[in-house]
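Student: Chains as they are written, first to last, in this note's numbering: chain A, 19 to 287; chain B, 40 to 438.
Yeah, the Cβ is synthetic: ideal placement off N, Cα and C, and Gly gets one too.
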């Protein structure tokens, strides 16, 4: 089955948990929880605005994790945190801070995965050990320019899936799926048995379907956060995510081998 | 000799281990590194290779040396500040980077990086700028080398450094206003890095200070080392104290590099509202680990300084290392002290320096005659740039 990981900027609205539950109801395989950071280097205008809006509301990692903990009995979908290095390493000069504590806090709030785009594989050692110790899967990213030897290392060390950054650009909606997406997905699949999820610029269900024909699923962020910023309700977003779900399910029907393949990979929870 | 921070064997050991090449991972002690998205890793690695090759190539040094002397106006003078020295009871020497072409030390870095960009076959330079001095230097080198230049500058800095925006545009650069966050250097740097991701094939990111992912902190310090090496050769003796302003810290890094193996105390002066060394804690921003101004939750704070070039919440990782090892010391001065320093230097020596450079002057004015800078000390101060760009700010703040 093709995977659908919608992204949600945590704290974007007071009722942000309702969006998470809407994504779950619409058939998300996991939800990426963006922990907003002041300087999101790899994010385009939409996710920047979403992060700014959340930070202006005064949300913190602590308040976000508290919200998740409070909603725990309603959350069945796996949660993957996505954030930047400074929040992950914060306080690493003091006892009780740093990546060990950060990963433990994520796990305690029911989060099982972590994506940190500005911690490339060369800098990931300490974080990876901390994540593993806390039972968190550290998902690594690969880019169209990643050379073969690095790609092999990323495939070896990533957990749960490999995040294929489809385009040489920041996050954000685009008119068409990048031409770099499919070749990258194929290169990653050649070096690992992990599922490959394609993200960055997946803007419509049609683009998601196209991407899913070369990868094992998609991450959808800016297209959803734009709707939230424009005032769409959790129910509106449920419909939106359901459309992505339907497009991916359609691809599954076209490709009878896909289900078997993913089950062999065995990382769905 | 007064108050050398380290003496004897400890000093010698520190001198041997500081301000040489960083560890292969780009670390200066526990600081530095390469915290960038995977999309930028090959570009950083290619730049590191190009720099290592160029730096070992006598032809590259010859080209750079010719540009420095024939184009940039180097060596810059070392001027004894006779009047101020008499007033303060210290011997003050000014390393005159304000006399370099484009009006600041930024040209030293940019000429080297433009040569590297050409060696790497790039057609375009992307740069971030705060006060506009690095933007002007980048636009200048781009014009000279026939490269396109795109400069990201915070909207707030554009308003207060309009003069430099005009200069950049006159030189043919495209200046892109940055409207996110604090609309200053921090956000301009984010935006330049985002633009680099999307243009990495054709564009070189011409980073202006000793921050950023490896190899930038090392590369920029090596290109700025000329300040310290010239000053060391020009000074009659090793001074007691070497002082420079620190935002990202490139003029200080270049200056310190010339004196790190001497007993001279090294003093970096930060803006009180942007003092990462003084008020920050370890963090990761803009691709490197260093001291960073941040709140209790890890969100990066917006700096607040009258000097746009120092309005930055981070600091080069080598400064964090020099501070952690005690080889360099960091002080802060307030905006009011800086405005006073601009005026006093202008009236005493006939030199109008940049607001950034005036931070170093302000510390000397405050410290002279105190235990921090006892009477009779020999002080070498890098005056990183000239103040023409600051007239609008000064006209509003200074009678």
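In chain order, which continuous runs of the beta strand (DSSP E) of length 3 or greater are located wholly inside the segment 97-130 of chain A?
Tutor: The segment 97-130 of chain A contains these whole beta strand (DSSP E) runs: 97-100.
Student: For residue 209 of chain B, count neighbouring C-beta atoms within 10 Å of its own C-beta (all shown protein chains included) and say buried if the count is 16 or more, exposed if not.
Tutor: Counting Cβ neighbours within 10 Å, residue 209 of chain B comes out exposed, since fewer than 16 surround it.
Student: Could you check if residue 244 of chain B is buried or exposed, using at least 16 other CB atoms within 10 Å of its CB as the buried criterion?
Tutor: Under this definition residue 244 of chain B is a buried residue.
Student: If we define contact as Cβ-Cβ less than 8 angstroms, is residue 243 of chain A a contact residue for chain B?
Tutor: No, its Cβ sits nowhere closer than 8 angstroms to a Cβ of chain B.
Student: If contact is defined by three or more beta carbon pairs under 8 angstroms, each pair taking one atom from either stretch, is the segment 314-334 of chain B in contact with the segment 64-76 of chain B?
Tutor: With the cut-off at 8 angstroms, the segment 64-76 of chain B and the segment 314-334 of chain B touch.
Student: Could you give the DSSP three-state label for residue 360 of chain B: helix, strand or coil?
Tutor: Residue 360 of chain B: helix per DSSP, three-state reduction.
Student: Compare the C-beta of residue 23 of chain A against all C-beta atoms of chain B and say whether one is closer than 8 angstroms.
Tutor: No, its Cβ sits nowhere closer than 8 angstroms to a Cβ of chain B.
Student: Please say whether residue 230 of chain B and residue 217 of chain B have beta carbons closer to each other than 8 angstroms?
Tutor: A contact, by the Cβ cut-off of 8 angstroms.
Student: Would you say the segment 252-269 of chain B touches the segment 374-391 of chain B, given that touching needs at least three Cβ pairs under 8 angstroms?
Tutor: Not touching, per the Cβ criterion.
Student: Can you find a CB in chain B that lies within less than 8 angstroms of the CB of residue 59 of chain A?
Tutor: Judged by the 8 angstroms Cβ criterion, residue 59 of chain A is in contact with chain B.
Student: DSSP on residue 175 of chain B, reduced to helix/strand/coil?
Tutor: Of the three classes helix, strand and coil, the one that applies to residue 175 of chain B here is helix, per DSSP.
Student: By Cβ distance, which residues of its chain are closer than 6 angstroms to residue 165 of chain B, with the 5 residues on each side in sequence left out?
Tutor: Here the set comprises 189, 231, 234, 235, 242, 244.
Student: With DSSP collapsed to three states, give me the class of residue 199 of chain B.
Tutor: The answer is helix: DSSP assigns residue 199 of chain B an H, G or I state.
Student: What are the residues in the segment 96-111 of chain A lying within 9 angstroms of chain B by C-beta distance?
Tutor: Cβ contacts with chain B come from 102, 103, 104, 105, 106, 107, 108, 109, 110, 111.
Student: If we ignore side chains and look at the alpha-carbon of each, how far apart do residue 137 of chain A and residue 285 of chain B end up?
Tutor: Whole-angstrom Cα-Cα distance: 27 angstroms.
Student: If you draw a straight line from the alpha carbon of residue 92 of chain A to that of residue 32 of chain A, how long is it in whole angstroms?
Tutor: Looking at the two C-alpha atoms, the distance is approximately 17 angstroms.
Student: If you draw a straight line from the C-alpha of residue 410 of chain B to the C-alpha of residue 63 of chain B, how long is it?
Tutor: Roughly 40 angstroms between the two C-alpha positions.
Student: Rounded to a whole number of angstroms, what is the C-alpha to C-alpha distance between residue 67 of chain B and residue 363 of chain B?
Tutor: Roughly 10 angstroms between the two C-alpha positions.
Student: What are the start and end residues of the beta strand (DSSP E) that includes residue 65 of chain A?
Tutor: Run containing residue 65 of chain A: none in the beta strand (DSSP E); it sits in the alpha helix (DSSP H), 63-74.
Student: Sorted by chain position, which residues of the same chain lie with C-beta nearer than 8 angstroms to residue 60 of chain B's C-beta, five sequence neighbours on each side aside?
Tutor: Within the same chain, residue 60 of chain B has close Cβ partners 257.
Student: With contact counted as at least three CB pairs below 8 angstroms, one residue from each stretch, are the segment 126-142 of chain A and the segment 154-168 of chain A in contact?
Tutor: Verdict: yes, contact present.
Student: Which same chain residues end up closer than 7 angstroms to residue 214 of chain A when comparing Cβ atoms and leaving out the 5 residues on each side of it in sequence?
Tutor: Correct list, in chain order: 179, 180, 182, 203, 206, 207, 233, 234.
Student: Taking Cβ-Cβ distances below 9 angstroms as the criterion, which residues of the segment 184-208 of chain A are in contact with chain B?
Tutor: Those would be 185, 186, 187, 188, in chain order.
Student: Is there a Cβ of chain A sitting closer than 8 angstroms to that of residue 163 of chain B, yes or no?
Tutor: It does not; no Cβ of chain A falls within 8 angstroms.
Student: Just list the beta strand (DSSP E) runs in the segment 188-276 of chain B, keeping only unbroken ones of 3 residues or longer that don't cross its boundaries, in chain order.
Tutor: You should have 213-217, 242-244.
Student: Quick one: list the residues of chain A neighbouring residue 229 of chain B, beta-carbon separation under 7 angstroms, in chain order.
Tutor: Those within 7 angstroms of residue 229 of chain B in chain A are 57, 59.
Student: Going by beta carbon distance, what residues of the same chain come within less than 7 angstroms of residue 123 of chain A, once the five residues before and after it are set aside?
Tutor: Same-chain partners within the cutoff: 83.
Student: Mapping DSSP to helix, strand and coil, what is residue 177 of chain A?
Tutor: Looking at residue 177 of chain A - three-state DSSP - the assignment turns out to be coil, as it is neither helix nor strand.
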